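Scroll down for the structure; my scribbles are underneath it.
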Amino acid sequence: MRTGLIKKSLLALLVSTIIIYFLGWKFIGSNNFIYLKIKELIPPAVKATLKQTLFVLPAMRSEVNYLKNRNKYLEFKNGYMAGMLRTQLGTAYGMWGRYFEFDRQKVDCPKSAKVILVTGQSNAGNYLFSKEYENKRHVNFFKGSCYVLDNPVFGATGGQASVAPAIASKLISQLPYIFLTTGWVGTSIKAWSDEGPRLSEYTNEELKDLQKHGHDLSAVIWIQGESDSIWMCDKDTPSCTTPKKRIDYIKYFDLMKSKILQDLKNKQNVKFVITQTSVCGNELARDETLNAQQLQLGKDKNTYVTEVTDSLGEEYRHDRCHFNALGVEAIAEEISSVLNDILPS
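The opening residue of the sequence shown carries number 3 in my numbering; numbering runs sequentially from there.
Here you go:
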C-alpha cells in the first residue's frame, strides 16, 4: 500500500512538472522560466531525479518587458544555490558564474556561418534589462553546441539580458551568424591581457573550436572600460574624490587582441567594433581621457569606434551603470548600423 502511494505521488509530480514546463514554454517564453541544470558533480542517478525538479519563477513583465522584478529572484537563486551548481573553467577568477541556466533549445550550427564575438565586462554580459527580440537566423554558441539566441546568452556572466539578441535582430544580412558571448562582470582591460585570469585564452579556445568546424571569426564587439575609468572607486570608498591611477588602455587592448586572435587563420580580416565606455556608478562621471584612448584605437585597420555607450545618460540605465530596454535599443541600433556597413549582406 505504501509503495503504491509513493509511486502515484512520483507519477503526479512528473506529470505536473511536464505540464508546468509546457505551459511555461508556450505562454510565457523560454527566457522567463528558470530550471535547474544539474552539473556533472552530482552522480548520474541523483541527477536524473533532480532534473525533474523545476524552480518555476515567472518574470513579471511590464508592457515593454523591463523585467523590473527579476532582481528579487535573481538574488534568491544566486544566494540560495551559490555553493551548489558551478562549472569549473580553470581561470584565476575561480568558478564560472552561471549557477543556473535558462531553458534553451539546442539547434544545429548553420553550415559555414561566420562568427560575431560580443565580449568585455558586465554591459557585454547578462546584466541588462531588455524587451524580447526575435532571431530566426542567428544562434548562440557555447561549449561546442549552438542554441537559440535568446536572453540570457550562454557563455557570459549574469542572469538577466544581453545586448547580443538586440544586435542580431537588426542585422540586414540574410546570412546566418553565430554569436559567441564571453563578457565577464567587473573585469579590467588588464584582466583580459594578463597571464592570470585566462579570459582571452578561454575566448580564443572557443573561437578555435568554431574555426575547426568551418566557422571563422568575422567581427568582435568590445564593450568594456567601466573598471578602468579613473572615476571608478573601490567599493568601500564613499565618493570618487581620489581618482584611480591611469593605465595605458591601448597597450593592454593590443595585448588582449593578440590573445583572442591567436592562431586564427583570418585574424587580419577581423573587424573590431569598440564602444566608448567608462560610465558606471552614482557619479555618472565620464572618463574623457579613457574615451580618447578608445577613439585612438579607431585608427587601427578594421577598427570602428562608436559614440555609445558613454553618450547614454541615466534614463538609459536601470542602476546608473547597466542599461535598461531603452539603452539596449540605442546600443544595438548604433552597433548594428556599423556591422551592416562592414559585413557582407
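We put the beta carbon where it would ideally sit given N, CA and C, even for glycine.
Owing to the predicted nature of the structure, the values given are computational and were not obtained by experimental measurement.
- Item | Secondary structure, alpha helix (DSSP H): runs of 4+ residues fully inside the stretch 257–311 | 290–299
- Message: For GLY146, count the other beta carbons within 10 Å of its own beta carbon; 16 or more makes it buried, fewer makes it exposed. Which is it?
- Response: exposed
- Query: What three-state label does DSSP hand ARG88 in the structure shown?
  - Reply: Here ARG88 scores only 33 on pLDDT, less than 50, and its place in the model should not be relied on; the value that follows carries that caveat. Correct three-state label for ARG88: coil.
- For GLU208, which residues of its own chain have a beta-carbon under 6 Å away from its beta-carbon, when the five flanking residues on both sides are left out? LEU182
- Task: Tell me where the alpha helix (DSSP H) around ASN206 begins and ends.
- Result: 201–214
- Task: Measuring alpha carbon to alpha carbon, tell me which of VAL120, GLY161, ILE174 ends up nearest ASN342.
- Result: ILE174
- Task: Indicate, with yes or no, if the ligand FMN has a heavy atom lying under 8 Å from the CB of GLY315.
- Result: No copy of the ligand FMN occurs in the structure displayed, which carries no ligand at all.
- Under 9 Å, do VAL275 and ILE180 count as touching if we go by C-beta distance? no
- Message: For GLY157, which residues in the same chain have their Cβ closer than 7 Å to its Cβ, ignoring the five residues on either side in sequence?
- Response: PHE144, LEU182, THR183, THR184
- Message: Just to confirm, is the Cβ distance from LYS192 to LEU266 under 9 Å?
- Response: no
- Looking at VAL120 and ILE262, is the spacing between their C-beta atoms short of 9 Å? no
- Message: For GLU197 and ALA170, what's the separation of their Cα atoms in angstroms?
- Response: 32 Å
- Quick one: grab the DSSP three-state call for ALA158. coil
- Have a look at LYS253 and ILE20 and give me their C-alpha separation to the nearest angstrom. 53 Å
- Task: Tell me whether LEU328 sits in a helix, a strand or coil according to DSSP, three-state version.
- Result: helix
- Cβ pair SER164, SER231 closer than 9 Å: no
- Message: By DSSP's criteria, ASN128 is part of a beta bridge. Which residues make up the other side?
- Response: GLY160
- The alpha helix (DSSP H) spanning ALA166 covers which residue range? 166–171
- Task: Check the C-beta distance from GLN264 over to THR311 and give it rounded, since I have them as a contact under 8 Å.
- Result: At roughly 28 Å, the Cβ-Cβ gap does not stay under 8 Å, so GLN264 and THR311 are not in contact.
- Answer with buried or exposed for PRO154, where buried requires no fewer than 16 other C-beta atoms within 10 angstroms of its C-beta. buried
- Item | Backbone CA spacing between LEU328 and GLN298 [nearest angstrom] | 28 Å
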